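Some notes on the structure that comes next.
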Amino acid sequence: MKPALDRNSVPRLLRFPSMGSNVPKSDENGRGTATVPSSGKGRQPANPDPSGVAVVMPVHGRLEEAAEALLGLSRLVPAPAQVVVVVDMAQDAGAVARLPSGAIVVEVPHASGPAHARNVGAAATSAEILLFVDSDVVAMPDTVARVTEAFARWPGASAVFGSYDLEPGDPGFLSQYRNLMHHFVHQRSREEAGTFWAGLGAVRAVGGFDVGYRFPSIEDIELGCRMRDDGREIRLVKTLQGRHLKRWTAWGMLRTDLLRRGIPWMRLILSRGHVPSDLNLDWASRWSTLMAWCAVLSLPLGAHAAAWGWAALASGAGFVVLNLPFYRFLARHRGAWFALRSVPWHALHFFQCGLAGMLGLLAHGRDQLRTSRPTPA
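Position in the sequence shown (from 1) plus 722 gives the number in this note's numbering.
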């Protein structure tokens, strides 16, 4: 078994693709593969140990921009066996030297997205457990301990994931609202899940992240689906939490909910022919989407017919009632005024979910037409 991270060793710099044979490749479907040997069906050792954990963090841009997240890695107790930082541009030697002692830094020649970067990081280590941490997330000091405890608690699990905590790094209203919504959804979801933060040999065995996702998108969900298809178990660990530092804006939420996650997720669901019923796709969320659309479509018609105005009012009231647990949660942690301000943004979120579903359906239909066209002789 590998020794724990040596805090007295200096960071090492590697360059991709000159890392040797254990580098990510792409199969005929465009999926990245990490060729580091896996442990068969993704089972963990009988007694998972921190010395078998490697933290992989992709960083887009300068290391200085991820300073707080990298500092969090140096505070992990117990320390992981390895810290692998994947960067997509040349870095200042001083910035590399300030990384957690013993870290491995891998430079890729150009920005190619977090999916590819995670595959590169997975290929740079042979640790049994891969713990993926984003560069805008501060891992709690007990993260490694909670991950290893989770795999010991669920001997059949191949991967686990957690949620953001209650204290987002950015003080702005939208950032606070967005991260608290993420926390609320994950804390109320069932423990058996379909996405992940940390995985065993399964990450390598099923081919790694799909490098077709060149921007942050649903690459984690897609890989989780392949794991589940392969008969592997994924668990949500509600005590495994990290502090999200991202500053959310109105445009950022629109782009993420619609283009980066909503439409790709709908296309993935339709291509698989199965609609999950957890996290953002539970029945309360589906009804909330319907209520949001009914309210938005009925409201302008209310100026011409009172019945439509009443329909808009009833839909809005139904939306609020459906989501009262969330608004009570916000009021408890941020006050009643914060909860009240969140209602229109929450309704907009579900309206966008419905729009993403329709656009995803159109995109899926287009894909089907393209694949059904006869090949020219």
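For every residue, glycine included, the Cβ atom is placed at its ideal position computed from N, Cα and C.
Since the structure is predicted, the reported quantities are computational estimates derived from the model, not experimental observations.
Cross-strand partners of residue i (DSSP beta bridge)
{"i": "I940", "result": "Beta-bridge pairing links I940 to no other residue."}
{"i": "R957", "result": "V882, E914"}
{"i": "A861", "result": "G964"}
{"i": "P780", "result": "V808"}
{"i": "D856", "result": "D856 pairs with nothing; no bridge assigned."}
{"i": "I851", "result": "V775"}
Cβ neighbours of residue i in the same chain (closer than 7 Å, five flanking residues each side left out)
{"i": "W1009", "result": "L1044"}
{"i": "A1034", "result": "A1017, S1020, L1021, G1024"}
{"i": "H832", "result": "D810"}
{"i": "D858", "result": "A791, H966, L967, K968"}
{"i": "E750", "result": "Here E750 scores only 37 on pLDDT, less than 50, and its place in the model is too uncertain to base an answer on."}
{"i": "L1062", "result": "none"}
{"i": "P986", "result": "S939, I940"}
{"i": "H904", "result": "S885, Y886"}
{"i": "P863", "result": "R797, L798, V799"}
{"i": "G1038", "result": "A1017"}
{"i": "L980", "result": "Q1074, L1077, A1078"}
{"i": "G995", "result": "none"}
Proximal residues to residue i (C-beta, below 6 Å), its chain only, five neighbours per side dropped
{"i": "G1079", "result": "M988"}
{"i": "R1056", "result": "none"}
{"i": "P770", "result": "At P770 the pLDDT is 48, less than 50, meaning the model places this residue with poor confidence; the figure from the coordinates comes in the next sentence. Answer for P770: T870, F873, A874, listed in chain order."}
{"i": "W876", "result": "R957"}
{"i": "T847", "result": "A776, Q804, V806"}
{"i": "L992", "result": "H1086"}
{"i": "N901", "result": "Y886, P890, H966"}
{"i": "E913", "result": "R957, L958"}
Beta-carbon gap between residue i and residue j smaller than 8 Å
{"i": "F931", "j": "A861", "result": "no"}
{"i": "F1073", "j": "W1015", "result": "yes"}
{"i": "A874", "j": "A924", "result": "no"}
{"i": "S1052", "j": "F1060", "result": "Residue 1052 is actually Leu in this sequence, not Ser. Result yes, Cβ atoms of L1052 and F1060 sit closer than 8 Å."}
{"i": "A812", "j": "E786", "result": "no"}
{"i": "L798", "j": "G884", "result": "no"}
{"i": "L958", "j": "S1007", "result": "no"}
{"i": "V928", "j": "M949", "result": "yes"}
{"i": "V855", "j": "M779", "result": "yes"}
{"i": "G835", "j": "F937", "result": "yes"}
{"i": "G984", "j": "G1082", "result": "yes"}
{"i": "V907", "j": "N1002", "result": "yes"}
{"i": "A867", "j": "P822", "result": "no"}
{"i": "A788", "j": "V781", "result": "yes"}
Cβ neighbours of residue i in the same chain (closer than 8 Å, five flanking residues each side left out)
{"i": "E849", "result": "Correcting the residue type first, residue 849 is Ala in the shown sequence and not Glu. Taken in chain order, the residues that qualify are K724, G774, V775, A776, P802, A803, Q804."}
{"i": "L990", "result": "I940, I943, E944, C947"}
{"i": "Y1012", "result": "Looking at the sequence itself, residue 1012 is Leu, so the reference to Tyr does not match. Closer than 8 Å at the Cβ level, and outside the excluded window around L1012, lie G1076."}
{"i": "Q909", "result": "S885, K960"}
{"i": "V1042", "result": "Y1049, V1065"}
{"i": "A972", "result": "L896"}
- Query: Would you call the stretch 968-979 and the stretch 897-907 touching, i.e. three or more CB-CB distances under 8 Å?
  - Reply: yes
- Message: So, does the stretch 951-958 touch the stretch 1046-1061, judging by three or more C-beta pairs under 8 Å?
- Response: The stretch 951-958 is not in contact with the stretch 1046-1061.
- Decide yes or no for the touch test of the stretch 880-894 against the stretch 814-831: beta carbon pairs closer than 8 Å, at least 3 of them. Taking one beta carbon from each stretch, the stretch 880-894 and the stretch 814-831 have fewer than 3 pairs nearer than 8 Å; the two do not touch.
- Task: Please go through the stretch 1009-1045 and give each complete alpha helix (DSSP H) segment of 4 or more residues, from N-terminal end onward.
- Result: 1028-1044
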